[in-house]
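Worksheet: one structure, shown below.
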Amino acid sequence: MNIQVLGAHNIESRECKCVSLVIDNILAIDAGALTSGLSLSAQQNLKAVLLTHQHYDHIRDIPILGMNFRLHDNTINVYSIQPVYEALSTHLLNDILYPNFIENPAEKPTIQFKILRAGETESINGYTVLSVPMNHTVPTVGYQITSSDSKSVFYTADTGPGLTECWRRVSPDLLIIEVTTISKYNDFARESGHLTPNLLQQELESFREIKGYLPRIVLVHMNPLDEKGIETEIATVAGALNTTIQLGKEGMQIEV
Ligand SMILES: [Zn+2]
Ligand SMILES: [Zn+2]
């Protein structure tokens with residue numbers, strides 16, 4: 000399984016992009032950098048996009064991706080939970096801000112939106128996809144993707160602490176987890192449903208206690224302004240847990 004990190008941050012510039020992951024060039028998760036991070040033809044190669052939640056940094060490229068598929072007279076499958084479908088169709092693809100690709104053209108809508116239920120497993124383009132409810136300010140699911148050769152990655156999406164139940168549901172080889180800011184903002188992180196290095200350490204300790212191992216770990220959704228601080232604090236966390244934790248980076252390729 001090949002995982003491409005197109006975006007690993009929570010804001011965008013020439014140097015950094017919002018979160019998007021692509022598995023084996025065909026299955027994308029979150030749409031923070033799907034258009035700015037992929038050529039037009041690589042976008043056309045995508046078979047499906049999984050969205051974790053409705054926040055703008057995670058859905059922003061869906062309209063322009065839709066236009067690319069429309070102009071190629073092609074269709075793309077987009078999967079997410081009901082609240083994301085409602086937010087997209089009400090506020091973005093509503094024929095006011097942008098064309099309603101979910102319903103048009105009527106005979107073959109450009110975006111084939113498929114609703115997932117949190118906690119359930121779906122077979123998508125040969126992968127087993129488990130949607131796991133996470134702790135964020137709006138309904139959010141993380142995705143565990145398992146390939147036909149039994150390799151698996153779990154991407155948490157945006158989440159705050161309290162992941163004990165989540166850990167019971169997943170057993171990934173690779174964990175892609177968010178760390179948004181530094182530990183002095185623990186209170187802000189708890190309130191806004193995010194993690195810091197300090198909060199991550201507690202969640203990883205609980206993971207190891209429940210599962211008896213730690214997977215390979217890559218961080219995303221970092222605030223670029225805090226990245227140096229995150230890096231320093233994460234080195235301490237990794238040392239305390241006797242493991243390695245990598246900071247995600249635009250253009251990073253991970254083989255699982
Ligand atoms: Zn969010
Ligand atoms: Zn976010």
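Going by numbering that gives the first Met the number 0, 31 is the number at position 32 of the sequence shown; the sequence numbering is gapless. Virtual Cβ for every residue (Gly too), placed ideally from N, Cα, C.
So what does DSSP say about Y154, is it helix, strand or coil? Position 155 of the sequence shown, counted from the start, is the residue given in the question as residue 154. Reduced to three states, the DSSP call for Y154 is strand.
Could you tell me if the beta carbon of D225 falls within a distance shorter than 7 Å of some heavy atom in ligand 3? In the structure shown, ligand 3 is absent; the only ligands present are ligand 1 and ligand 2.
Beta-carbon spacing of H52, P138 below 8 Å: Residue numbering aside, residue 52 sits at position 53 when the sequence shown is read from its first letter. Residue numbering aside, residue 138 sits at position 139 when the sequence shown is read from its first letter. Contact: yes.
With H, G and I counted as helix, E and B as strand and the rest as coil, what does DSSP make of Q43? As a position in the sequence shown, residue 43 is number 44, starting the count at 1. Note: Q43 maps to helix in three-state DSSP.
Among all the DSSP beta bridges, which residues are the ones paired with R207? Position 208 of the sequence shown, counted from the first residue, corresponds to residue 207. DSSP lists no partner for R207.
Compute every distance between the C-beta of I185 and the non-hydrogen atoms of ligand 2, then say whether any falls below 7 Å. Along the sequence shown, one-based indexing puts residue 185 at 186. The identity of residue 185 in the sequence shown is Asn, whereas the question assumes Ile. No, since every heavy atom of ligand 2 falls outside the 7 Å radius drawn around the Cβ of N185.
Any heavy atom of ligand 2 within a distance shorter than 7 Å of the CB on D157? As a position in the sequence shown, residue 157 is number 158, starting the count at 1. Within the cutoff, so yes.
What residue ranges within the stretch 66-121 form continuous beta strand (DSSP E) runs of no fewer than 3 residues, ordered along the chain? 75-79, 110-114, all fully within the stretch 66-121.
Cβ-heavy atom distance, D60 to ligand 2, below 7 Å: As a position in the sequence shown, residue 60 is number 61, starting the count at 1. D60: no, Cβ never under 7 Å from ligand 2.
Fully enclosed by the stretch 175-239, which alpha helix (DSSP H) runs are 4 residues long or longer? Positions of the alpha helix (DSSP H) runs, each at least 4 residues long and wholly inside the stretch 175-239, are given as 185-191, 196-210 in order along the chain.
Which residue wins for smallest C-alpha separation from N24, given the options N9, S40, S35? One-based indexing of the sequence shown puts residue 24 at position 25. If we check each option's Cα against that of N24, S40 comes out closest.
Any idea what DSSP makes of L64, helix, strand or coil? Along the sequence shown, one-based indexing puts residue 64 at 65. L64 falls in the helix class under three-state DSSP.
Distance, I253 Cα to G159 Cα: Mapped onto the sequence shown, residue 159 falls at position 160. Mapped onto the sequence shown, residue 253 falls at position 254. C-alpha separation (whole angstroms): 25 Å.
Give a yes or no on contact between the stretch 162-174 and the stretch 64-76, applying the rule of three or more CB pairs nearer than 8 Å. no
Buried or exposed by the 16-neighbour rule on C-beta atoms within 10 Å, applied to H90: Counted from its first residue, the sequence shown places residue 90 at position 91. Around the C-beta of H90, fewer than 16 other C-beta atoms lie within 10 Å, and the residue is accordingly described as exposed.
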